[in-house]
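A.B. asks: In numbering that gives the first Met the number 0, the protein residues as written are 0 to 152.
Positions of the beta carbon are idealized from the N, C-alpha and C atoms, including for glycine.
Source: prediction; values computed, not measured.
First the structure, which I've put down as structure tokens, then a few questions once you've had a look.
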Amino acid sequence: MNGHEDFLREAVAIARQNVAEGGRPYGAVIVRDGEVVARAANTIHSSNDPTAHAELAALRAASRRLGRPKLDDCVVYASGRPCPMCHAAMRLAGIREAYFAFTAEEAAAHGLLSAGIYAELCRPLEEQPMPVRHLALSDEASPYPDWAARQGG
Numbered sequence: 000m001n002g003h004e005d006f007l008r009e010a011v012a013i014a015r016q017n018v019a020e021g022g023r024p025y026g027a028v029i030v031r032d033g034e035v036v037a038r039a040a041n042t043i044h045s046s047n048d049p050t051a052h053a054e055l056a057a058l059r060a061a062s063r064r065l066g067r068p069k070l071d072d073c074v075v076y077a078s079g080r081p082c083p084m085c086h087a088a089m090r091l092a093g094i095r096e097a098y099f100a101f102t103a104e105e106a107a108a109h110g111l112l113s114a115g116i117y118a119e120l121c122r123p124l125e126e127q128p129m130p131v132r133h134l135a136l137s138d139e140a141s142p143y144p145d146w147a148a149r150q151g152g
């Protein structure tokens with residue numbers, strides 16, 4: 000396998016196998032220089048971990064295999080459009096390119112929910128259904144200067 004469609008088909012095959020095993024229809028493949036470095040399925044059904052998405056599991060596996068948190072030389076292939084959490088995690092890992100086979104709207108038509116979350120997150124914080132509010136703590140020292148100092152900055 001060497002083309003985008005081949006890797007996408009592999010991600011979809013992982014998703015279909017996961018459904019057969021009682022899981023959700025999501026699979027992911029991470030590729031570096033044409034070689035698969037990680038494959039994963041969504042394991043929420045077996046782990047009861049709401050963050051056990053295929054893309055996050057694949058990012059973790061790729062980072063362990065490559066021995067580094069930055070994956071800027073890798074490409075992610077996902078069976079479905081990555082949810083906002085997975086999309087953000089890919090950005091934090093430095094992923095510069097990703098492909099998905101099926102849209103969030105296609106997933107929503109079959110009872111999966113990520114399409115609506117995208118729209119909610121685009122709204123101002125005060126208009127989102129889950130309140131997230133900034134509450135400044137003036138009497139406590141921020142951890143950020145300590146981190147910056149440790150980084151040499």
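Using the Cα positions of residue 5 and residue 53, report the straight-line distance between them to the nearest angstrom.
C.D. replies: Distance between the alpha carbons of residue 5 and residue 53: 18 Å.
A.B. asks: Suppose only complete runs of 4+ residues qualify. What are the alpha helix (DSSP H) ranges in the segment 72–147, listed by chain order?
C.D. replies: Segments of the alpha helix (DSSP H) lying fully in the segment 72–147: 83–91, 103–107 and 113–121.
A.B. asks: What are the boundary residues of the beta strand (DSSP E) that includes residue 12?
C.D. replies: Counting along the chain, residue 12 falls outside any beta strand (DSSP E), though it belongs to the alpha helix (DSSP H) covering 3–19.
A.B. asks: How about residue 14: is its C-beta nearer than 9 Å to some C-beta of chain B?
C.D. replies: In the displayed structure, chain B is absent; only one protein chain is listed.
A.B. asks: To which residues of the same chain is residue 49 closer than 7 Å at the C-beta, ignoring the five residues directly before and after it?
C.D. replies: Within the same chain, residue 49 has close Cβ partners 43.
A.B. asks: In terms of DSSP beta bridges, what is residue 29 paired with?
C.D. replies: Residue 29 is bridged to 37 and 75.
A.B. asks: Rounding to the nearest angstrom, what Cα-Cα distance links residue 99 and residue 137 in this structure?
C.D. replies: Residue 99 and residue 137: Cα-Cα distance of roughly 44 Å.
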